[in-house]
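Worksheet for the structure shown next.
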Amino acid sequence: MNMLMERSKEKGLPSVHAFNTFFFTKLKTAGYQAVKRWTKKVDVFSVDILLVPIHLGVHWCLAVVDFRKKNITYYDSMGGINNEACRILLQYLKQESIDKKRKEFDTNGWQLFSKKSQEIPQQMNGSDCGMFACKYADCITKDRPINFTQQHMPYFRKRMVWEILHRKLL
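This note's numbering runs 4 ahead of the 1-based position in the sequence shown.
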């Protein structure tokens, strides 16, 4: 996720901030006060896209806040729907705006939804959810269609190892 933020500085790509893997769980269980200092040096409203990894015990999903499109979308490679996560994130934006900008966050025109299983690639095993979440994020932050399949996962795993070792996204 950090490399996606770095890549987003390239010309022609949407600007991105990615929250860490603990953010959503902490927000959900302990509320805004528990995470408000996490963005002390970050203006989340200054980017095009916020990436929010969501860990559901033994399963990884991704929520995406797209300020350009005014939507919060939940991506689950096992077809799960999580409108609650979207509502929690919208509430977070409202509180963050009041706390950091001292003004109300305008929610007019904002849409919250979970992608249906037929709209995004789905995993066919019980172990690739993390890769799917990372690949959703990769495609979204390049403004590219999400059109990979389960069959691509072995390649994506090898590629990710290379990217991490070389600290460079391909």
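Beta carbons are placed, not taken as given, at the ideal position from N, Cα and C, and that holds for glycine.
1) Once DSSP output is grouped into helix, strand and coil, what is the label at F117?
2) Using 7 Å as the threshold, is the C-beta distance between S175 and D52 below it?
3) What distance in whole Å lies between the Cβ atoms of P125 and I248, which are believed to be in contact at a cut-off of 8 Å?
4) Residues in its own chain within less than 6 Å of M7 by CB, not counting five upstream and five downstream?
5) Contact check, F23 vs L54 under 8 Å by CB: the rounded distance?
6) By DSSP, does V39 sit in helix, in strand, or in coil?
7) Need the endpoints of the beta strand (DSSP E) that T77 sits in, please.
8) Should V39 and K30 be called a contact, given that it needs their Cβ atoms to be closer than 7 Å?
9) With K146 and L17 assumed to form a contact (beta carbons below 8 Å), what rounded beta-carbon distance in angstroms separates them?
10) Less than 8 Å between C-beta atoms, sequence neighbours within five positions excluded: which residues of the same chain meet that for K98?
11) When burial is assigned at 16 or more other CB atoms within 10 Å of the CB, is Q37 buried or exposed?
12) Of all the options F49, F28, G35, which has the alpha carbon lying nearest to the alpha carbon of Y78?
13) Curious, which full-length beta strand (DSSP E) runs of at least 3 residues does the stretch 96-165 contain?
14) Taking the continuous beta strand (DSSP E) assigned at L8, which residues delimit it?
15) Rounding to the nearest angstrom, what Cα-Cα distance links Q122 and I58 in this structure?
16) Whole angstroms are fine: how far does the CA of Q155 sit from the CA of V48?
17) For the alpha helix (DSSP H) containing L31, list its first residue and its last residue.
Based on what the coordinates show:
1) If you number the sequence shown from 1, residue 117 lands on position 113. DSSP places F117 in strand when its eight states are reduced to three.
2) Residue 175 lies beyond the range of the chain shown here (5 to 174); nothing can be said about it.
3) Any question about residue 248 goes unanswered here, given that the chain covers just 5 to 174.
4) The sequence position of residue 7 within the sequence shown is 3, counting from 1. Result list for M7: L173, in chain order.
5) Counting from one through the sequence shown, the residue named residue 23 turns up at place 19. Counting from one through the sequence shown, the residue named residue 54 turns up at place 50. The pair is a contact, with the Cβ atoms about 7 Å apart (cut-off 8 Å).
6) Here residue 39 is taken as the residue at index 35 of the sequence shown, counted from 1. Note: V39 maps to helix in three-state DSSP.
7) Here residue 77 refers to the residue found at position 73 of the sequence shown. 75-79 is the extent of the beta strand (DSSP E) around T77.
8) The residue given as residue 39 occupies position 35 in the sequence shown. The residue given as residue 30 occupies position 26 in the sequence shown. Result yes, Cβ atoms of V39 and K30 sit closer than 7 Å.
9) Within the sequence shown, residue 146 is the residue found at index 142, counting from 1. Within the sequence shown, residue 17 is the residue found at index 13, counting from 1. Indeed, because the Cβ distance is near 6 Å, the residues count as touching under 8 Å.
10) Taking the first residue of the sequence shown as 1, we reach residue 98 at position 94. Answer for K98: E108, F109, T111, listed in chain order.
11) Stepping through the sequence shown from its first residue, residue 37 is reached at position 33. It is exposed - the Cβ of Q37 has fewer than 16 other Cβ atoms within 10 Å.
12) Residue numbering aside, residue 78 sits at position 74 when the sequence shown is read from its first letter. Ranking F49, F28, G35 by Cα distance to Y78 puts F28 first.
13) 115-118
14) Within the sequence shown, residue 8 is the residue found at index 4, counting from 1. Where L8 is concerned, there is no enclosing beta strand (DSSP E), although the alpha helix (DSSP H) it sits in stretches over 6-11.
15) The count along the sequence shown starts at 1 and reaches residue 122 at position 118. The count along the sequence shown starts at 1 and reaches residue 58 at position 54. If you take the alpha carbons of Q122 and I58, they lie about 20 Å apart.
16) Sequence index remark: in the sequence shown, residue 48 carries index 44 (1-based). Sequence index remark: in the sequence shown, residue 155 carries index 151 (1-based). If I take the Cα positions, the gap works out to 35 Å.
17) Here residue 31 refers to the residue found at position 27 of the sequence shown. Taken as a continuous stretch (DSSP letters only), the alpha helix (DSSP H) holding L31 covers 27-34.
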